[in-house]
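> Per this note's numbering, the very first residue in the sequence shown carries number 71; after that it's consecutive. Here a beta-carbon is modelled for each residue, glycine too, at the ideal position from N, C-alpha and C.
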Amino acid sequence: MIKTRHCKPLLVLIVAFLINSSAWGQTYGQNGMVVSDNEIASQVGISILKKGGNAIDAAVATAFALEVTHPQAGNIGGGGFLVFMDATSRTTTIDFREKAPLLATSDMFLDETGNLIKGSNHNGLKAVGVPGTVAGLFLAHQKYGSLPWKKLVQPAVRLAKKGFPLSWTLSRHAKRSYENATSEFFKNYFTNPNGELVNHGEVWIQKELAYTLKQIRNRGKDGFYKGKVAQEIANYMQENGGIITLEDLEKYTAVEREPIKGTYKGYDIYS
């Protein structure tokens, strides 16, 4: 008997309507399970399943919801991998990691002596790769989703537009981002209507993000990689020391690949 486990770095996803759990024990789902870093986002995934969506539909909707409620785990400005096993046990991988911009060079983080400039490859806009999340989720939906794309992105639009109670974890990250912000624009992003830093438990509204998500909802991946949103990304990069261009965004593609497979103690491991 072959025992199989498959791993998914970006989202661990399978989805459930009924869950039995104990404080420190295992959690079981009779029909499936949605697991993410944020309860609100997980509930979005469950709602998609209840509407007849499949696991990929739930994963896509959960990922976009995480962009709003826990961006450290669902950032449309980043990238990732999706490892997927269907009902026939066929396993595939979608690679949507960030890519180096066309203007990137092998020595752009080095000083005149050839040594790494401390922090240069981690901090600042020059260190930012071309984001792949939107393209990856769009490809996954195109190939394996079942519900209309708009239905999967709309919950995230609603969360960004109407707001949600800020979690303790996200409030800490918001405080850190606010303190490290290099422009008033970014500082204002983390404030409430009174101009104060948004705190744990307050409803956080993200109007700019809602606009971007609406473009993605209405135009698919082109809403992010082409048009107004893409041009604004490229303009901001060029005005503030980044090297991502409109051409970088327009040329980005996610790729479906055969997963790496190994075995460990009788288990098949896919990655």
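Measure the Cβ-Cβ separation of residue 55 and residue 268 and say whether it is below 8 Å.
There is simply no residue 55 to check, as the chain begins at 71 and stops at 341 in what is shown.
> Do you know how far the Cα of residue 264 is from the Cα of residue 68?
As displayed, the chain neither begins before 71 nor continues past 341, which places residue 68 out of reach and without an answer.
> Alpha carbon to alpha carbon, how far is residue 161 from residue 328? Give it in angstroms, no decimals.
Reading the sequence shown from its first residue, position 258 is the one you call residue 328. Reading the sequence shown from its first residue, position 91 is the one you call residue 161. Cα to Cα, the separation comes out at about 8 Å.
> Name, in chain order, the residues that DSSP records as bridge partners for residue 274.
To locate residue 274, count along the sequence shown from 1; it is residue 204. Looking at the DSSP assignment, residue 274 forms a beta bridge with 234.
> Can you list, in chain order, the residues of its chain with a C-beta nearer than 7 Å to that of residue 123? Leave out the 5 residues immediately preceding and following it.
If you number the sequence shown from 1, residue 123 lands on position 53. Hits under 7 Å: 216 and 217.
> What did DSSP end up calling residue 177 once you bin it into helix, strand or coil?
Taking the first residue of the sequence shown as 1, we reach residue 177 at position 107. Coil, per DSSP.
> Any idea if residue 211 is buried or exposed, counting beta-carbon neighbours within 10 angstroms, 16 or more meaning buried?
As a first step, residue 211 is located in the sequence shown; it is residue number 141 there, counting from the start. Per the 10 Å Cβ criterion, buried.
> What is the DSSP secondary structure of residue 81, reduced to helix, strand or coil?
The residue given as residue 81 occupies position 11 in the sequence shown. At residue 81, the pLDDT of 39 sits below 50, so the modelled position is not reliable; the number obtained from the coordinates is stated separately. Of the three classes helix, strand and coil, the one that applies to residue 81 here is coil, per DSSP.
> Applying the 10 Å Cβ sphere with the 16-neighbour rule, what's the burial state of residue 209?
Position 139 of the sequence shown, counted from the first residue, corresponds to residue 209. Under this definition residue 209 is a buried residue.
> Counting C-beta neighbours from all protein chains within 10 Å, is the total for residue 323 16 or more, i.e. buried, or is it exposed?
Stepping through the sequence shown from its first residue, residue 323 is reached at position 253. Residue 323 comes out exposed.
> So does the stretch 283–292 actually touch the stretch 126–133, counting three or more Cβ pairs closer than 8 Å?
Touching, no.
> Are the CB atoms of residue 187 and residue 294 nearer to each other than 8 Å?
What you label residue 187 is simply residue 117 of the sequence shown in a count that begins at 1. What you label residue 294 is simply residue 224 of the sequence shown in a count that begins at 1. In this structure, residue 294 does not lie closer than 8 Å to residue 187 by Cβ.
> What residue does the beta strand (DSSP E) around residue 164 start on, and which one ends it?
Reading the sequence shown from its first residue, position 94 is the one you call residue 164. Taken as a continuous stretch (DSSP letters only), the beta strand (DSSP E) holding residue 164 covers 161–166.
> Inspect the CB distances between the stretch 232–240 and the stretch 188–204 and report whether three or more fall short of 8 Å.
With the cut-off at 8 Å, the stretch 232–240 and the stretch 188–204 do not touch.
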